[in-house]
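Student:
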């Protein structure tokens, strides 16, 4: 029982997956909502990747979609070569039922190829991270932002003229290998490794660079090395997100990865709370879901979306979550206020008692 | 034993020779000071001694090792640590993290062990937290471990910067105007602090300071520079009597009029 209590966060993670799966099977959660959840997962991985670079290391990046594009196209090439369209089958290899809930496991070789493609996408994106990170070591702030912006556009233009990925017509014939399970798995994995990164000497070195580069240098931190590490690590995660995106959407077009996509992620990051892992989760989830929730008021959708963004930045300049971290992440580093779910109840209680005292 | 040695170093910025032919030899257990009027080149000397600027002539040695072409972090790894005139703390991190960041270059786990939290990860993190806590306790900062660094009072921020510099376990500690902006009480505390560091750790300390009373109270050996040239060096009493020093500080005829004596 003690063991259960100690490791409850690791038990809750698969339970959430099971809950979504069961609700989906029971037709309470339709496929549209599941699709939105998958999109949230993809964006969450992207925002975490940007958080490593911008939030922790303080290096502005407006070309994160470029890394995502590299990951997406490379993984799509790998999987579509290894699984030609005529051989691809989404039929279940094994299906079984527990009670009324059906479980399906699709072909294992296909899933392994998917993992291989994802890894390839991540590694190639990381190589691009190294290529862009090394010459940018001396650049700061706006100048670095311009270089990364240029990088994203260059990648897009290269894709536009590359025959193997369908030039500007877009790439078709990507097997639909990603599903909610994989996206959920990679999103949790990303949160896990980002937490481990933040709570280590690597994360602390990056945060020292963000806060004061000269001081970081004089306490023995090799700033150039850690900046490159942050670039490579961030690009790797963005590449993984790209792979998820490619195998969910099944169709890739270079214009999907325009600079507007990069700025979207910057907005998610700042709205959620820059530098905070929990803030990134919340920002990605809230701002991905918001346009979908507002879909009913079609024309006014983007107006309200924009207005809400302005309000968030005006009234919560530190982001929705204000630099707090969920207690289940178990973070010790980062000068963070810990958010316990129990605080929510005590906060509501306090408000009530204040109101009562007012009477 | 000499921990920091500069051998006739000079630096040139375009046509301006900011510091000319400066030498210093700091041993373990020394407290030395560099004084001089505003713009004399004191901080430039410091920046050369810690690797932020590369001297155009001459070489800096840390623990007998030539530091030609080395970056500041390599100076720190060789056993040198410094503070800044305008405090440079990691403001968005807690006091404890500020100190823990100084242990980065001594961590004994690699990237993979960090990601998976295997190998040395837990033991190293524990060691670093314990050492940082011990250091904070030694300087009475334990009450503030969870505060953001910029929420500390000014004097405490100075102290934290010194503690952070000590966390790298230096053999030579360089303090750039530690008493700047402090009131007399805070200066008294600072003098006690520097004496304590000197007595308990036995490291070499080099100070740049404007506050004469403080320099005369703690330094064994003083170097005076003006317009980048070393104009005088010696014990506090020698320096105080030197006509060149009085001229640099008070003007040409100050020692002749005698009205302020």
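Chains as they are written, first to last, in our numbering: chain A, 1 to 359; chain B, 1001 to 1261.
Here a beta-carbon is modelled for each residue, glycine too, at the ideal position from N, C-alpha and C.
Treat the numbers as computed from the prediction; the structure is a model and nothing was measured.
Please list the terminal residues of the continuous beta strand (DSSP E) segment that includes residue 1081(B).
Tutor: 1080–1082 is the span of the beta strand (DSSP E), which, as asked, contains residue 1081(B).
Student: Are residue 41(A) and residue 187(A) close, meaning C-beta to C-beta below 9 Å?
Tutor: In contact: residue 41(A) and residue 187(A) (Cβ atoms closer than 9 Å).
Student: With distance defined between alpha-carbon atoms, name the residue in 315(A), 291(A), 299(A) nearest to residue 305(A).
Tutor: The candidate whose alpha carbon is nearest that of residue 305(A) is 291(A).
Student: Is the beta carbon of residue 1135(B) sitting closer than 9 Å to the one on residue 1172(B)?
Tutor: No.
Student: Note down, one range per segment and in chain order, each alpha helix (DSSP H) of at least 4 residues found wholly within the stretch 17–50 of chain A.
Tutor: The qualifying runs are 31–50.
Student: Do residue 249(A) and residue 183(A) have their beta-carbon atoms positioned less than 9 Å apart in this structure?
Tutor: No, Cβ-Cβ distance for residue 183(A) and residue 249(A) is not below 9 Å.
Student: Give me the residue from 1225(B), 1251(B), 1218(B), 1230(B) with the minimum Cα distance to residue 1237(B).
Tutor: That would be 1218(B), whose Cα lies nearest to the Cα of residue 1237(B).
Student: Could you tell me which whole alpha helix (DSSP H) segments of length 4 or greater appear in the stretch 241–284 of chain A?
Tutor: Runs found: 259–272.
Student: Just the Cα atoms here: how many angstroms apart are residue 11(A) and residue 185(A)?
Tutor: Taking the straight line joining both Cα atoms gives about 14 Å.
Student: Where does residue 197(A) sit, in a helix, a strand or coil, going by DSSP?
Tutor: Three-state DSSP puts residue 197(A) in a helix.
Student: Which of the three DSSP states is assigned to residue 1085(B) in this structure?
Tutor: Correct three-state label for residue 1085(B): coil.
Student: May I ask you to report which of helix, strand or coil DSSP gives residue 1097(B)?
Tutor: It is helical.
Student: Among 1227(B), 1194(B), 1055(B), which has the Cα closest to the Cα of residue 1033(B)?
Tutor: Of the listed residues, the one whose Cα sits closest to residue 1033(B) is 1194(B).
Student: Whole-angstrom Cβ separation of residue 1003(B) and residue 1091(B), contact assumed at under 8 Å?
Tutor: That pair is no contact at about 31 Å.
Student: Report the rounded CA-to-CA distance for residue 1244(B) versus residue 1036(B), giving the unit in angstroms.
Tutor: Residue 1244(B) and residue 1036(B): Cα-Cα distance of roughly 11 Å.
Student: Classify residue 151(A): buried if its beta carbon has 16 or more other beta carbons within 10 angstroms, exposed otherwise.
Tutor: Residue 151(A) should be labelled buried.
Student: Let me see if you follow: with CB-CB separation under 9 Å, is residue 212(A) close to chain B or not?
Tutor: Output row for residue 212(A): interface = yes.
Student: By the 10 Å Cβ neighbour count, where 16 or more other Cβ atoms means buried, how is residue 61(A) classified, buried or exposed?
Tutor: Classification of residue 61(A): buried, given that the 10 Å Cβ count is 16 or more.
Student: Please report the distance separating the alpha-carbon of residue 279(A) from that of residue 315(A).
Tutor: Residue 279(A) and residue 315(A): Cα-Cα distance of roughly 16 Å.
Student: Could you check how far apart the C-beta atoms of residue 320(A) and residue 283(A) are, in whole angstroms? I think they sit under 8 Å.
Tutor: Indeed, because the Cβ distance is near 6 Å, the residues count as touching under 8 Å.
Student: Exposed or buried, what is residue 1264(B) when buried is set at 16 or more other beta-carbons lying within 10 Å of its beta-carbon?
Tutor: The structure shown does not extend to residue 1264(B), since chain B is modelled only from 1001 to 1261, so the question has no answer here.
Student: Are residue 195(A) and residue 277(A) touching if we call contact CB-CB under 9 Å?
Tutor: Yes, these two residues count as a Cβ contact at 9 Å.
Student: Excluding the 5 residues preceding and the 5 following residue 1207(B) in the sequence, name in chain order all residues of the same chain whose CB lies nearer than 6 Å to its CB.
Tutor: Closer than 6 Å at the Cβ level, and outside the excluded window around residue 1207(B), lie 1033, 1175.
Student: Residues of chain A with CB under 8 Å from residue 1091(B), in chain order?
Tutor: Near residue 1091(B) (Cβ distances below 8 Å), the residues of chain A are 211, 212.
Student: Any C-beta of chain B sitting closer than 9 Å to the C-beta of residue 202(A)?
Tutor: Taking Cβ atoms only, chain B reaches closer than 9 Å to residue 202(A), which makes this a yes.
Student: Start and end of the beta strand (DSSP E) containing residue 1023(B)?
Tutor: 1016–1027 is the extent of the beta strand (DSSP E) around residue 1023(B).
Student: In the DSSP output, which residue or residues are listed as bridge partners for residue 1232(B)?
Tutor: Looking at the DSSP assignment, residue 1232(B) forms a beta bridge with 1224(B).
Student: So that I know if they touch, is there some Cβ in chain A lying closer than 9 Å to that of residue 1195(B)?
Tutor: No, because no Cβ of chain A sits closer than 9 Å to the Cβ of residue 1195(B).
Student: Return yes when the Cβ of residue 1018(B) is within less than 9 Å of the Cβ of residue 1059(B), no when it is not.
Tutor: Cβ atoms of residue 1059(B) and residue 1018(B): not closer than 9 Å.
Student: Check whether chain B comes within 9 Å of residue 215(A), counting only Cβ atoms and requiring the distance to be less than that.
Tutor: By this cut-off, residue 215(A) is an interface position.
Student: May I ask which residues mark the beginning and end of the alpha helix (DSSP H) holding residue 1158(B)?
Tutor: 1154–1167 is the extent of the alpha helix (DSSP H) around residue 1158(B).
Student: Would you verify that the beta carbon of residue 1052(B) is, or is not, closer than 9 Å to some beta carbon of chain A?
Tutor: True, the Cβ-Cβ gap to chain A drops below 9 Å.
Student: In this structure, does DSSP put residue 1209(B) in helix, strand or coil?
Tutor: Three-state result, residue 1209(B): coil.
Student: List the residues that DSSP assigns as beta-bridge partners of residue 95(A).
Tutor: Residue 95(A) is bridged to 104(A).
Student: Using 9 Å as the limit for Cβ to Cβ distance, is residue 230(A) near chain B?
Tutor: Taking Cβ atoms only, chain B never reaches closer than 9 Å to residue 230(A), which makes this a no.
Student: Give the residues of chain A in contact with residue 1153(B), contact being defined as C-beta atoms less than 9 Å apart.
Tutor: Those do not exist, as residue 1153(B) stays about 18 Å from chain A at its closest Cβ, beyond 9 Å.
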